[in-house]
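*Asks:* Got a structure for you, written out below as structure tokens; questions coming shortly.
Numbering (UniProt numbering), first residue to last: 1 to 286.
Written out as structure tokens, the structure is:
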């Protein structure tokens with residue numbers, strides 16, 4: 001298969017901006033990791049008119065998808081897990097071209113999973129989890145049990161990914177098989193939610209308690225990225241939201257802060273305004 005695709009990737013490899021080319025072949029008949037294509041060609045470039053360009057090919061009864069991605073977008077995908085399959089491609093694909101060992105170094109960084117990258121991913125996932133948990137709780141208290149169930153399920157997905165990152169791994173596309181291996185306790189919660197004979201209302205109620213307990217245990221570690229930013233002073237929400245380090249989880253920052261207040265990790269300070277009995281809220285580490 002590599003021989004058939006060689007003219008395509010060799011032409012791209014000759015470009016000065018091309019940093020690396022790798023090939024990933026699907027391992028199963030149904031393959032979400034490759035969008036069911038037989039082969040993925042990932043070409044990483046330092047500059048491009050489009051951050052992400054995709055082209056599909058057919059050769060005989062086989063199919064291939066070529067992804068040309070610039071380094072900035074690729075790093076964003078890796079940092080946020082927003083396109084998780086690319087991590088699988090880089091980790092297990094065959095490197096065909098590697099300018100100045102760019103791909104080899106990127107693969108090594110993924111395997112090492114440095115603590116600064118890990119802290120950022122934990123914060124992103126924790127912020128999502130606080131949002132889903134808060135919405136699930138509100139829906140449950142409003143007697144919208146099926147909607148609450150959906151949010152609880154999303155919360156468990158985030159909790160599972162959180163536990164994987166804590167152990168120094170990147171969440172995979174097929175995540176629950178990975179969770180079962182790494183954190184059986186979280187996997188058990190998932191089984192109880194979907195397999196229990198209890199009513200939907202009771203299942204949601206029990207899961208909300210369990211998720212809150214798991215969140216509380218992880219809060220200080222999972223929120224370290226945010227807490228480190230806040231360490232030196234009291235912050236208004238507006239100033240904190242525009243801090244460049246927070247940008248990848250700014251949409252869920254409000255619920256994250258609210259949850260950390262309930263767990264006594266952040267406290268609220270009041271600052272005077274021009275109005276009587278109205279104060280600015282500022283947030284400081286407790």
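Even glycine gets a Cβ: it sits at the ideal position worked out from N, Cα and C.
A quick note: this is a predicted structure, and the numbers were derived from the prediction, not measured.
Counting only runs that start and end within the UniProt domain "Nucleotidyltransferase-like" (1–118), where is the beta strand (DSSP E) found for 3 or more residues in a row?
*Replies:* Correct list: 18–25, 39–45, 52–59, 62–70, 94–98.
*Asks:* Quick check for students: name the residue ranges of the alpha helix (DSSP H) that lie wholly in the UniProt domain "YgxA-like substrate binding" (120–217), counting only runs of 4 or more.
*Replies:* You should have 145–166, 175–182, 184–195.
*Asks:* Would you tell me roughly how many angstroms separate the C-alpha atoms of residue 53 and residue 77, rounded to the nearest one?
*Replies:* Their backbone Cα atoms lie some 15 Å apart in a straight line.
*Asks:* Determine the burial state of residue 121: buried for a count of at least 16 other Cβ atoms within 10 Å of its Cβ, exposed for fewer.
*Replies:* Burial call: buried.
*Asks:* Closest to residue 66 by C-alpha separation, out of 145, 9, 221, 176, would be which residue?
*Replies:* Among 145, 9, 221, 176, the Cα nearest to that of residue 66 is on 9.
*Asks:* Buried or exposed for residue 3, going by 16 or more other Cβ atoms inside 10 Å?
*Replies:* So residue 3 counts as exposed.
*Asks:* On the DSSP letters alone, give me the boundaries of the beta strand (DSSP E) that residue 268 sits inside.
*Replies:* That run of the beta strand (DSSP E) goes 266–272.
*Asks:* Kindly indicate the opening and closing residues of the alpha helix (DSSP H) around residue 259.
*Replies:* Residue 259 -> alpha helix (DSSP H) spans 253–262.
*Asks:* Residue 85 to residue 181, Cα distance in whole Å?
*Replies:* Approximately 19 Å, taken between the alpha carbons.
*Asks:* Take residue 91 as the anchor and find which of 70, 59, 21 has the nearest alpha-carbon.
*Replies:* If we check each option's Cα against that of residue 91, 21 comes out closest.
*Asks:* Drop a sphere of 10 angstroms on the beta-carbon of residue 131, count the other beta-carbons inside from all chains shown, and report buried for 16 or more, exposed for fewer.
*Replies:* Residue 131 should be labelled buried.
*Asks:* On the CB-based measure, 16 or more other CB atoms within 10 Å of its CB, does residue 93 come out buried or exposed?
*Replies:* Buried, by the Cβ-count rule.
*Asks:* According to DSSP, is residue 243 helix, strand or coil?
*Replies:* Residue state, collapsed to three classes: coil.
*Asks:* Among the residues of its own chain, which have a CB less than 8 Å from the CB of residue 146, if the five just before and after it don't count?
*Replies:* Around residue 146: 200.
*Asks:* Suppose the cutoff is 7 Å on Cβ atoms and the five residues either side in sequence are ignored; what does the same chain contact list for residue 257 look like?
*Replies:* Around residue 257: 266, 283.
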